[in-house]
Amino acid sequence: MGSSTEPPCHVLHVSNICPSVTREQVYQLFIHIGRIDDLKLYPTDSSTNVTQKIAYVKFEDDSSSYRVRPSRI
10 MGSSTEPPCH
20 VLHVSNICPS
30 VTREQVYQLF
40 IHIGRIDDLK
50 LYPTDSSTNV
60 TQKIAYVKFE
70 DDSSSYRVRP
80 SRI
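Be aware that the sequence shown starts at 10, since it is given in our numbering, and climbs by one per residue.
Spelled out as structure tokens, the structure:
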């Protein structure tokens, strides 16, 4: 779906996530974009003192991640 200069990308990197956000909340935020193949939220240990979290959302196809890229919003 992307242009010929952009390689297909199924994974969306999301940063600056509030430490109180859960994996389920991230999932619910992106599930309407497309089918999610995998989702990782770091750090996984909630007992650590962190100021932000990051997530990697892997979609089944690159057209889903293409729709939410910052340059497309």
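We put the CB at the ideal spot given by N, CA and C, even for glycine.
An exposed status is given to Val20, since fewer than 16 other beta-carbon atoms sit within 10 Å of its beta-carbon. Assignment of Ser24 by DSSP, reduced to helix, strand and coil, places it in the strand class.
DSSP places Asp47 within a strand segment (E or B) once states are collapsed to three. With distances taken between CA atoms, Val66 lies nearest to Asp47 out of Glu33, Asp47, Arg32, Ser73. Counting C-beta pairs closer than 8 Å gives fewer than three between the region 51-61 and the region 35-42, which falls short of the contact rule.
Counted as a single uninterrupted DSSP element, the stretch harbouring Val35 is not any beta strand (DSSP E) but the alpha helix (DSSP H) occupying residues 32-39.
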